[in-house]
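Encoded as structure tokens, the structure appears first; notes follow it.
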Amino acid sequence: AAGVIQSPRHLIKEKRETATLKCYPIPRHDTVYWYQQGPGQDPQFLISFYEKMQSDKGSIPDRFSAQQFSDYHSELNMSSLELGDSALYFCASSPGYSGYTGELFFGEGSRLTVL
Amino acid sequence: SQQGEEDPQALSIQEGENATMNCSYKTSINNLQWYRQNSGRGLVHLILIRSNEREKHSGRLRVTLDTSKKSSSLLITASRAADTASYFCATGEIIKAAGNKLTFGGGTRVLVKP
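Residue numbers (our numbering), protein chains in the order written: chain A, 447 to 561; chain W, 5 to 118.
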């Protein structure tokens, strides 16, 4: 079965640079979520989109922005990178509301290292 | 502050033993879920229990939910070395037409020794 695809899997950037992470949800899933997981930390919710509109916002820094496109894929843009942005970034997706059970389907994550 | 907090933070057991971990949360929930994460990998959904349920089973997993105490427990029976992973509880509130934002707890690192 198709899963959530994230790219790139690994990314190394310098401080103050910009990075873009991509997420391709499971087909027919219209909701996408972004989570950040620092070393030894639990995943922290950043932002979510439903039908290409922002549906909820968490602890996403102002330096970060995200959007969901017409094909439902999503991109997380991170600018002015800081050392503390080094983390695993997860994307998850879920289907439309009718019949939805509550489970989120996670990708394998993108590991960002800021030097 | 985190919605869910887990106890213990780490657990080391022998293969064949049972592993129990607990999770507490602070606000009202629609559902509580448990996820597994192998080191540096993605989160895999294990089981979901709704706020009107008290106990649920799935294979070697047993989850309980006590909404009066705002707590849940996950029991893995007859553990295997392959169960070695971090386990997270996550509380969710299904929002119509907007999915189910999950708030994760601190996680329990489980080591199952062969």
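Just so it is clear, CB atoms sit at the ideal spot from N, CA and C, and this is done for glycine as well.
Pull up the distance between the alpha-carbon of residue i and that of residue j, whole angstroms please.
i, j, result
"His61/W", "Ile51/W", "8 Å"
"Ser540/A", "Leu527/A", "29 Å"
"Gln500/A", "Phe510/A", "14 Å"
"Tyr91/W", "Gln490/A", "15 Å"
"Asn42/W", "Val48/W", "9 Å"
"Gln452/A", "Ala538/A", "9 Å"
"Arg474/A", "Gln18/W", "42 Å"
"Gly548/A", "Thr24/W", "24 Å"
For a cutoff of 8 Å on Cβ pairs, would you count residue i as touching chain A?
i, result
"Gln18/W", "no"
"Asn26/W", "no"
"Arg45/W", "yes"
"Lys117/W", "no"
"His61/W", "no"
"Leu69/W", "no"
"Ser5/W", "Note on Ser5/W: pLDDT 32, under 50, position unreliable in the model; the coordinate value appears next. No, Ser5/W does not count as interfacial toward chain A."
Can you look up residue i in the DSSP assignment and give me helix, strand or coil?
i, result
"Leu529/A", "helix"
"Asp11/W", "strand"
"Ala512/A", "strand"
"Asp502/A", "strand"
"Ala82/W", "coil"
"Asp87/W", "helix"
"Leu47/W", "strand"
"Pro485/A", "coil"
"Asp517/A", "coil"
"Ile458/A", "strand"
"Pro471/A", "coil"
Check whether the Cβ atoms of residue i and residue j sit closer than 8 Å, and answer yes or no.
i, j, result
"Lys459/A", "Glu521/A", "no"
"Pro485/A", "Val478/A", "no"
"Asn22/W", "Leu79/W", "yes"
"Lys30/W", "Lys74/W", "yes"
"Ile33/W", "Glu97/W", "yes"
Taking residue i as the reference, give the member of the options with the closest Cα.
i, options, result
"Ser28/W", "Glu21/W, Trp38/W and Asn22/W", "Trp38/W"
"Arg45/W", "Gln514/A, Leu561/A and Ser556/A", "Ser556/A"
"Lys503/A", "Tyr481/A, Tyr518/A and Pro454/A", "Tyr481/A"
"Thr559/A", "Gln483/A, Glu549/A and Ser532/A", "Ser532/A"
"Thr81/W", "Pro118/W, Asn104/W, Arg66/W and Gly110/W", "Arg66/W"
"Ile493/A", "Gly103/W, Gly110/W and Thr95/W", "Gly103/W"
Cβ of residue i within 7 Å of any heavy atom in the ligand NAD?
i, result
"Glu549/A", "Ligands displayed in this structure: none; no statement on the ligand NAD is therefore possible."
Answer yes or no: does any C-beta atom of chain W fall closer than 8 Å to that of residue i?
i, result
"Leu550/A", "yes"
"Ile451/A", "no"
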